[in-house]
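J.: Handing you this structure, nothing more for now.
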Amino acid sequence: MQHSHLLLVDDEQAILHMLSTILRKEGFTQIDTASTAEEALASCKVKTYDLIFLDVMLPGRSGFEICPLIRETTNAPIFFLTARSTDLDKLSGFALGADDYITKPFNPLEVVARVKAHLRRHTSNTTAQPQKKKFHFGPLHLDTSSGEVRKNGRLLSLPAQVYQLLVFFCQNPNQLFSKGQLYERVWGEEFLGEDNTVMVHVRKLREKIEDDPGHPTTIVTVRGLGYKFVPKAEYHGPS
69 MQHSHLLLVD DEQAILHMLS TILRKEGFTQ IDTASTAEEA LASCKVKTYD
119 LIFLDVMLPG RSGFEICPLI RETTNAPIFF LTARSTDLDK LSGFALGADD
169 YITKPFNPLE VVARVKAHLR RHTSNTTAQP QKKKFHFGPL HLDTSSGEVR
219 KNGRLLSLPA QVYQLLVFFC QNPNQLFSKG QLYERVWGEE FLGEDNTVMV
269 HVRKLREKIE DDPGHPTTIV TVRGLGYKFV PKAEYHGPS
């Protein structure tokens, strides 16, 4: 959980610093910040977040305005940050897709408790949701009901954890994941900073599905950020 990727959006640098400090003390190390609506939207387009803090009173477009746009790209919990605490404000925020409401000034311990509770619930709900069983990406076919993986019709033999990594990528195409996020979601264990496991399994998967593993085009490395599964055009057949 502590390796979850968080985005903090607020135009007050003091608030960003305070939240970052509180969360880092609790072990959350992957924290991005944004001071405007445009910065927040740009970050959400290129990165995958597990939870987002969104200030209501941003310069230019407000948090209320961009919340629906962010919600179109992610189902991660969104916390509104605001000094306005009327019931009408809260109801408006929830109607726009927010999951919680943090009123300034806030209690640091309460914020941490809410973050952890939402992350647990989000992870549980994501795991429990029924998943698509068949994937067709160009020459690559995956059937999770039978466990078969084929490329150009040829059956591939994949080690169990490499197979699970492929399943995760197929379920989340064109999304950027850090090594820590992949480790926690595929291996189901807390990431402690040792990324060799993820790197080795990504390499093994590339050897199986890439035309040229030395120059991968399907599982691409985004330098300094992680990996992204960029498959060939998907065939939307029966699933």
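In the working numbering, the protein residues as written are 69 to 307. Beta carbons are placed, not taken as given, at the ideal position from N, Cα and C, and that holds for glycine. Remember, it's a predicted structure, so these values are computed and weren't measured experimentally.
Looking at C-alpha atoms only, which residue of Asp118, Phe205 and Leu76 is the closest neighbour of Leu244?
T.: It is Asp118.
J.: For His85, which of helix, strand or coil comes out of DSSP?
T.: Three-state DSSP puts His85 in a helix.
J.: In three-state DSSP terms, what is Ala144?
T.: DSSP places Ala144 in coil when its eight states are reduced to three.
J.: Return the CA-CA distance between Glu94 and Val180, expressed in angstroms with no decimal places.
T.: Taking the straight line from one Cα to the other gives about 8 Å.
J.: Please list the segments of the alpha helix (DSSP H) lying wholly inside the stretch 175–246, counting only runs of 4 or more residues, in order along the chain.
T.: The stretch 175–246 contains these whole alpha helix (DSSP H) runs: 176–196 and 228–239.
J.: What's the C-alpha gap between Val288 and Asp279?
T.: So the alpha carbons of these two residues sit roughly 13 Å apart.
J.: On the premise that Pro145 lies in contact with Asp167, defined as a C-beta separation below 8 Å, what is that separation, rounded to the nearest angstrom?
T.: Their Cβ separation, rounded to whole angstroms, is 4 Å, which keeps Asp167 and Pro145 in contact under 8 Å.
J.: So what's Glu132 in DSSP terms, helix, strand or just coil?
T.: Sequence inspection shows Phe at residue 132; the Glu mentioned does not correspond to that position. Residue state, collapsed to three classes: helix.
J.: Below 8 Å on the Cβ atoms is my contact criterion, and I expect Phe96 with Ser72 to pass it. Report the Cβ-Cβ distance as a whole number of Å.
T.: The Cβ separation is near 7 Å, so the contact holds.
J.: Please classify Gly294: does DSSP put it in a helix, a strand, or coil?
T.: Strand.
J.: Of the choices Gly165, Leu159 and Asp157, whose alpha-carbon is the least far from that of Leu137?
T.: Measuring from the Cα of Leu137, the nearest candidate turns out to be Gly165.
J.: If I measure Cβ to Cβ from Tyr303 and keep anything under 6 Å in the same chain, skipping five residues before and after, which residues do I get?
T.: Below a pLDDT of 50, predicted positions are generally treated as unreliable, and Tyr303, at 41, falls in that range; no measurement from the model is reported.
J.: Please determine, among Arg182, Leu273 and Val266, the residue with the shortest C-alpha to C-alpha distance to Lys219.
T.: It is Leu273.
J.: Can you tell me whether Ala105 is helix, strand or coil according to DSSP?
T.: DSSP places Ala105 in helix when its eight states are reduced to three.
J.: For Ile134 and Gln249, what's the separation of their Cα atoms in angstroms?
T.: Using only the alpha carbons, I get a separation of about 25 Å.
J.: Are Leu149 and Phe121 closer than 8 Å when you measure CB to CB?
T.: It is a contact, given that the beta carbons lie within the stated cut-off.
J.: Based on Cα-Cα distance, which residue from Arg188, Asp155, Asp157 and Thr212 lies nearest to Glu252?
T.: Of the listed residues, the one whose Cα sits closest to Glu252 is Arg188.
J.: By the DSSP assignment, the beta strand (DSSP E) with Ala126 in it spans what residues?
T.: Here residue 126 turns out to be Leu, not Ala, going by the sequence shown. Premise fails: Leu126 is in no beta strand (DSSP E) and is neither H nor E.
J.: Just list the residues that DSSP pairs Phe121 with in beta bridges.
T.: In DSSP, Phe121 forms a bridge with Leu76 and Phe147.
J.: Verify whether the separation of the beta carbon atoms of Gly128 and Ala105 is less than 8 Å.
T.: Contact flag set, yes.
J.: Please work out which residues of its chain come closer than 7 Å, Cβ to Cβ, to Ser213, disregarding the five sequence neighbours upstream and downstream, and give them in chain order.
T.: Excluding sequence neighbours, Ser213 sits near Lys201.
J.: Residue range of the beta strand (DSSP E) that Asp168 falls in?
T.: Note, Asp168: beta strand (DSSP E), Asp168 to Thr171.
J.: Among all the DSSP beta bridges, which residues are the ones paired with Thr289?
T.: Thr289 pairs with Tyr295.
J.: Which residue's Cα is closest to the Cα of Ala110: Ser160, Ile83 and Thr141?
T.: Of the listed residues, the one whose Cα sits closest to Ala110 is Thr141.
J.: If contacts are defined as beta-carbon pairs under 8 Å, then Leu74 and Leu91 qualify, I think. What distance do you get, rounded to the angstrom?
T.: Going by Cβ atoms, the distance from Leu74 to Leu91 rounds to 7 Å, so yes, they are a contact pair.
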